[in-house]
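Chains as they are written, first to last, in our numbering: chain Y, 349 to 462; chain L, 689 to 801.
Remarks on the structure that follows.
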Amino acid sequence: NAGVMQNPRHLVRRRGQEARLRCSPMKGHSHVYWYRQLPEEGLKFMVYLQKENIIDESGMPKERFSAEFPKEGPSILRIQQVVRGDSAAYFCASSLDRDTGELFFGEGSRLTVL
Amino acid sequence: KQEVTQIPAALSVPEGENLVLNCSFTDSAIYNLQWFRQDPGKGLTSLLLIQSSQREQTSGRLNASLDKSSGRSTLYIAASQPGDSATYLCAVSGPNAGNMLTFGGGTRLMVKP
């Protein structure tokens, strides 16, 4: 039973380009969460999605960032027109239920913006 | 707004020592508290999950306690080993927040052989 799979593990983009990060949750999990870890900072919640729905996006920057979790396929975190401040590790986590409290994290996608 | 603080930020101990990592949170109305381990360049591994109605959880050499009213949790590691070297993160979820966690800044642990 594969864990949470994230790709790419490392991504380099130039300022102004787009970054797409993908996350496949654990088998049977329909709840997906994205967190961001800026250099030398703690993890911060970004967005919570269920299949085809955004449940809570209170941690998402207002512009350039979007997330989706389609009926088929992985969840995608999309960052348009990247800036150097977007350089961070982006972690995806999944859970079986909304309130079990047990999250399983992927290994993260590390974005570097040149 | 919930804030989570972990003390110390870094800790270096010789192998075999018992040690305690501390976590405090400002809003005691939590749903649960989790301790995670993060190795450099890696993801997070869940170590222990304590529901708000529980006082402690144990797994092997790890024991985590929760005092919700005072807003504190401790992670006790017995007989530390070099393989325990990692960053330990504490995270809480608020009522009705499900799995949307607020993380502390972590304690970077180094266990020297």
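Where is the CB? At the ideal position from N, CA and C, for every residue including glycine.
Residue 787(L) has a beta carbon lying within less than 7 Å of a beta carbon in chain Y.
Per the DSSP secondary-structure output, residue 735(L) pairs with nothing in a beta bridge. Per DSSP, residue 766(L) lies in no beta strand (DSSP E) segment and is marked neither H nor E. With a cut-off of 8 Å on Cβ pairs, the region 366 to 379 of chain Y is not in contact with the region 764 to 774 of chain L, counting fewer than three such pairs. Per the C-alpha coordinates, the member of 441(Y), 436(Y), 414(Y) positioned closest to residue 460(Y) is 436(Y).
Among the residues facing chain L, residue 396(Y) is included, as its CB has a counterpart in that chain under 7 Å away. DSSP places residue 780(L) inside the beta strand (DSSP E), whose first and last residues are 774 to 781.
In the three-state reduction of the DSSP assignment, residue 434(Y) falls in the helix class. At least one CB atom of chain L sits nearer than 7 Å to the CB of residue 451(Y). Between residue 726(L) and residue 736(L), the beta carbon gap of about 14 Å keeps them out of contact (Cβ cut-off 8 Å). In the structure shown, residue 422(Y) falls within a coil segment according to DSSP collapsed to helix, strand and coil. Against residue 730(L), the close residues of chain Y are 455, 456, in the order they occur along the chain (beta-carbon pairs closer than 9 Å).
Residue environment for residue 698(L): exposed (fewer than 16 other C-beta atoms within 10 angstroms of its C-beta).
The Cβ-Cβ distance between residue 415(Y) and residue 425(Y) falls below 7 Å. The beta-bridge partner set that DSSP reports for residue 455(Y) is empty. CA-CA distance, residue 384(Y) to residue 456(Y), rounds to 9 Å. Residue contact check for residue 459(Y) against chain L: no CB pair falls below 7 Å. Residue environment: residue 695(L) is assigned as exposed (fewer than 16 neighbouring CB atoms within 10 Å of its CB, all protein chains considered).
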